[in-house]
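**Q** Pasting in a structure now, in structure tokens, and then I'll have a few things to ask.
Next comes the structure, spelled out in structure tokens:
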């Protein structure tokens, strides 16, 4: 007698993999992805294969999200030390025999060209969350000092490349873990106040500090030029200040309602440099105006708030710290990009999540979202 085993339909085998996914988070990502595809088509349809490649990168990020979401937080914790160690080792290798392009040594040839600093965007919060999980219930000031040293090593190596944008992102994720772990306000407020005073003095003394022939010993020449250009873009309107000036013109010309889809003159007459990458927010603003900007900002705020809710409800300290710091990656990306395009922050080469073209950044976003989904799934399994 033969026994016939009926194989269940594919959808019935796949659906359990989506069980526990956070619906509001998925909805926020979907809306931002739609905005990204719409904007990329308008700004990049005549820019080679940018639109098609952007869609491919999003599919890759979605696949990474789905795969990482299946990994329980406990297994993610086991990856912390290996990922951090590998990332730091590769950064040291870059410093010794990395590839130099346009005055920056950021890449490594391992058969394929990689940028090891990107690994630290995820490895850094993983490592610090692992460290504070081990010290849970017995945290001392020394533990925060160790955490600060773990953060300082890769940040210093990335700054040396130099790559200020990535260094800011890695430092932000690390500092957010220290903050969420319970770092005292007494240690947070003084540096913040000192920074605000420094910014005020910089703005006040801009004519003298940015005069021809004056050199700042603590920064590279190009970093000094970026700050001086931010303070007064008209100093070099056809050179260093061109990006900021054209970005502000595009944003302002969009008005309240925008010029309409594919109707942006600054964009399509190619006045906006890097219109599909770092300055795509200017192209978006020109075509969709203030209303479009408010909706886009609302989408990012919803994504960030939902990530923080997932962090608050996470079942372990490791999950809470990791979810909170990963969420702030999205906030930092969006805030820095919109700030530099709007002329309130220096141009540091940070993409706008889901909107800007870029494969490496999209992979990082997919990893981050996968981690959030994994933690959300773990929380719901505990509750059930």
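Numbering (our numbering), first residue to last: 827 to 1210.
Each residue gets a CB set at the ideal place from its N, CA and C atoms; glycine is no exception.
For residue 982, count the other beta carbons within 10 Å of its own beta carbon; 16 or more makes it buried, fewer makes it exposed. Which is it?
**A** Exposed, by the Cβ-count rule.
**Q** Rounding to the nearest angstrom, what Cα-Cα distance links residue 886 and residue 855 in this structure?
**A** Taking the straight line joining both Cα atoms gives about 14 Å.
**Q** Going straight from the alpha carbon of residue 1097 to that of residue 1072, what length do you get?
**A** C-alpha separation (whole angstroms): 7 Å.
**Q** Does the contact criterion of 3 or more C-beta pairs under 8 Å hold for the stretch 1171–1183 versus the stretch 1014–1025?
**A** The answer is no - the stretch 1014–1025 does not touch the stretch 1171–1183, with fewer than three Cβ pairs under 8 Å.
**Q** What does residue 935 pair with, by DSSP beta-bridge criteria?
**A** For residue 935, which the question treats as bridged, DSSP gives the partners 939.
**Q** How would you write the range of the alpha helix (DSSP H) that residue 926 sits in, first residue to last?
**A** Element bounds for residue 926: not the alpha helix (DSSP H) but the beta strand (DSSP E), 925–927.
**Q** May I ask you to report which of helix, strand or coil DSSP gives residue 1007?
**A** Correct three-state label for residue 1007: coil.
**Q** Going by other Cβ atoms of all chains shown within 10 Å of its Cβ, with 16 needed for buried, is residue 1138 buried or exposed?
**A** Residue 1138 should be labelled exposed.
**Q** Quick test of your reading: residue 954 and residue 937, contact by CB under 8 Å. State the CB separation rounded to the nearest angstrom.
**A** Wrong, their Cβ atoms sit about 31 Å apart, outside the cutoff.
**Q** Would you give the residue range spanned by the alpha helix (DSSP H) that residue 1124 belongs to?
**A** It spans 1106–1138 - the alpha helix (DSSP H) in which residue 1124 sits, taken as one unbroken run.
**Q** Check whether the Cβ atoms of residue 903 and residue 956 lie closer than 8 Å to each other.
**A** A contact, by the Cβ cut-off of 8 Å.
**Q** Could you say if the stretch 989–996 and the stretch 1026–1038 meet the contact criterion of at least three C-beta pairs nearer than 8 Å?
**A** No, they do not touch.
**Q** Taking the Cβ atom as the reference point for each residue, do residue 980 and residue 914 lie within a distance shorter than 8 Å?
**A** Cβ distance < 8 Å, so residue 980 and residue 914 count as in contact.
**Q** Mind checking who residue 930 pairs with in its DSSP beta bridge?
**A** 927, per the DSSP bridge assignment.
**Q** Determine, using beta carbons only, whether residue 1134 and residue 1158 come nearer to each other than 8 Å.
**A** Contact flag unset, no.
**Q** Taking contact to mean at least 3 C-beta pairs separated by less than 8 Å, is the stretch 913–930 in contact with the stretch 855–870?
**A** With the cut-off at 8 Å, the stretch 913–930 and the stretch 855–870 do not touch.
**Q** Is the distance from the Cβ of residue 1181 to the Cβ of residue 1106 below 8 Å?
**A** Yes, these two residues count as a Cβ contact at 8 Å.
**Q** Near residue 1046, what residues of its chain come up, given a Cβ to Cβ distance below 7 Å and the 5 sequence neighbours on each side ignored?
**A** Taken in chain order, the residues that qualify are 988.
**Q** In three-state DSSP terms, what is residue 1177?
**A** Residue state, collapsed to three classes: coil.
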